[in-house]
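Have a look at the structure below, then the notes.
Chains as they are written, first to last, in the numbering used here: chain A, 628 to 1223; chain B, 357 to 485.
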């Protein structure tokens, strides 16, 4: 049942009883008015009787006064007689009005009046001292008779009215009883009707309530099932998931999150996140900002900084990668925060192994050049040795020794350059990119010769930035080798190193640009250049060179951009490596192993 | 030096010092030596001089040893060529085309032995006294 129907039923159960009761009240009022009409007739009879009695009394007063006058002859005795004259006339008028509806009583009243008039004639005779009246003793008898007639007529009138009153009282009583019965019956009927109606409405409400309850039960079961489904889904996610309420207290943790944090869901429930999710910087060991606070501050999805380590309750440490996102209500208000993270300890190790592998691959790519660089002077030294064995001329011997020395120092230089690929200071140091590029080119010299590549150097001034020289050498080696390979036999490469001024979003630094005369890069390749294991060189490449180089440059706070060079004489690709003067790299971010 | 009468060898290498030392070694053995620092000047000498054998470095700017060898074979295929290299993995087609290969670092004795096999001992050749 919906709310509207419920309200309709509610209105019905309110208005219908009120209506019925109003009808009942109307009926009762009607009955009462009927009964009071009957009672008014009784009052009417009472009035008639009272007026009749008062008339009789007034007539008696007149008679008494007249008799007193007769006996004493005193005029003062006539006062009652005279005083009653007007009231008697008035009584007659009132009574005439009262009994006008009843012919019987009208007749009685007319008789009374006639007899009173006769008596009044007699009384007038007395007052006028009519000798016929005064002196005749029989007149006394006559007067008595007149008065008795009057009285009997009054009595007859009273009797009739009394009889009428009795009849009326009986009728009123009967009506009263009937009314009571009617009221009782109608009340009973209304009561029963109301009971039936209310019962039916209640049954209706109850039925719909049951239906609603069932529907709600079904729905809650459905909601429960959906909840279970979501829960299972969350539980099944391979990443750790923690959901917090708006205040940052833990509301949910999946199995992976429980395993990584070392807290069970029951233990963690309601606790502040930073108590459960304890993260520090892997290197500095400083506590990292709680992602929940960060989300609330920034109102958006946030990722964790690199090198974040989660310390479990049992003290075990995991390198993690995570993101936190706000859970918003419909209005956009933050209702909670969901945190997703994963253990990347193994991945980090693999990454480190890949970086190491790439370092070896660079060495491998250089091996031929290095062999050449070392074998050439060695060959010369062996030759000199051969010459010295048979030479006696001291001047020539000295000359040969000088030659040998020269070749040996070249070997030393090569070996030093090679070592510097791997030797790394603990902290970033000022690096002259010009010198660095020259060193790399020295190692690549043979390769350059072999490929017949012409290298145009557009760097004369020293250009110093902070950084890790071995890592930067690795970047340069990769970039130069790629350019040489792209340029191909007889190709050209232009290397330009120049300082760049600070610009928007970029502090001052140095730009190393390497342009080749090769075919350029295709669009579909561009997006993948910095992905690990992406190579255009088939079996000759590891696909890690640019990935590692990019990592190194990013770490230094720089950037690598690769695109096709459209202007100028060289129509191949360009690689622009930007490095800031003040590096962002520090000892903790060094990827190259420290070598003695 | 008396060795001026030995076979004429053309030595091509971009390593000036190494080339100079190698020349001294060969001359001590009695060979006459012409030197060039790159492929194209080497080919000029090869065309203009009665070269009897060539000692050729593989890695050189401009033309590499392989290209130079091909050009020489086109001109005078009878002239033996010894390819000298510090690079261990020389292209197979070049190795089969030349007569001898010597790795830099194998030492002067090995080099001289191969030169002798290529041209014969210096005193027995051509314009012996």
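Note that the Cβ used here is the ideal one computed from N, Cα and C, for glycine as well.
Check the Cα spacing between residue 1194 of chain A and each of A:1183, A:1144, A:1180, A:1176: the tightest is with A:1144.
Taken in chain order, no unbroken stretch of alpha helix (DSSP H) lies wholly in the region 806-845 of chain A with a span of 4 residues or more.
According to DSSP, residue pairing for residue 392 of chain B in a beta bridge involves B:368. Between residue 1034 of chain A and chain B, the shortest Cβ-Cβ separation is below 8 Å. Residue 1095 of chain A is classed as buried because its beta carbon has at least 16 other beta carbons within 10 Å across all chains shown. Around the CB of residue 1085 of chain A, fewer than 16 other CB atoms lie within 10 Å, so the residue is classed as exposed. Excluding the 5 residues flanking it on each side, residue 1034 of chain A has same chain C-beta neighbours closer than 7 Å at 1004, 1007, 1008, in chain order.
Among the CB atoms of chain A, one or more fall inside 8 Å of the CB of residue 463 of chain B.
At a C-beta separation below 8 Å, residue 474 of chain B has no neighbours in chain A, since its nearest C-beta there lies roughly 18 Å away. In the DSSP assignment, residue 636 of chain A falls outside any beta strand (DSSP E) and within the unbroken alpha helix (DSSP H) covering 630-699.
Nearest to residue 740 of chain A by alpha-carbon distance, out of A:777, A:766, A:1002, A:634, is A:777. Burial is judged here by how many other beta carbons sit within 10 angstroms of a residue's own beta carbon; residue 735 of chain A has at least 16 and is buried. Residues of the region 386-416 of chain B with a C-beta atom less than 7 Å from some C-beta of chain A are 415, 416, listed in chain order. Within the same chain, Cβ atoms closer than 6 Å to the Cβ of residue 954 of chain A are found at 962, 963, 965, the five residues on either side in sequence being excluded.
When the Cα atoms are used, residue 1032 of chain A and residue 1012 of chain A turn out to be separated by approximately 11 Å. Inside the region 731-773 of chain A, DSSP marks whole alpha helix (DSSP H) runs of 4 or more residues at positions 758-761, from first to last along the chain. Among the bridge pairs identified by DSSP, residue 899 of chain A is matched with A:876. Residue burial annotation: residue 818 of chain A is exposed, with fewer than 16 other C-beta atoms found within 10 angstroms of its C-beta. Contact with chain A is found for residue 380 of chain B, since one of that chain's Cβ atoms lies less than 8 Å from the residue's Cβ. Taking 8 Å as the CB threshold, residue 1030 of chain A lines the interface with chain B. Around residue 1007 of chain A, the beta-carbon contacts reaching into chain B at under 7 Å are 373, 374, 377. DSSP places residue 1059 of chain A in the uninterrupted beta strand (DSSP E) bounded by 1056-1059. When 9 Å is used as the limit between beta carbons, residue 422 of chain B is near no residue of chain A, the shortest such separation being about 10 Å. The alpha-carbon of residue 1101 of chain A is positioned some 14 Å away from that of residue 1181 of chain A. Distances from the alpha-carbon of residue 921 of chain A to those of A:677, A:911, A:729, A:952 put A:952 closest. At a cut-off of 8 Å between beta-carbon atoms, residue 1022 of chain A makes no contact with chain B. In the same chain as residue 959 of chain A, and ignoring 5 residues on each side of it, no C-beta atom comes closer than 8 Å to its own. In the three-state reduction of the DSSP assignment, residue 1186 of chain A falls in the strand class, which pools E and B. From the beta-carbon of residue 370 of chain B, the residues of chain A found nearer than 8 Å are 1076. Within chain A, 1079 have C-beta atoms less than 7 Å from the C-beta of residue 418 of chain B, given in sequence order.
DSSP, read as helix, strand or coil, puts residue 867 of chain A in strand. Ranked by Cα distance from residue 942 of chain A, the first of A:650, A:787, A:889 is A:889. If only uninterrupted alpha helix (DSSP H) runs of at least 4 residues are considered, those enclosed by the region 397-432 of chain B are 421-431. Taking 9 Å as the upper bound on Cβ-Cβ separation, chain B lies near no residue of the region 1094-1110 of chain A. Exposed is the label assigned to residue 855 of chain A, since fewer than 16 other Cβ atoms lie within 10 Å of its Cβ.
Residue 692 of chain A and residue 676 of chain A do not touch by the CB rule: their CB atoms are close to 25 Å apart, not below 8 Å.
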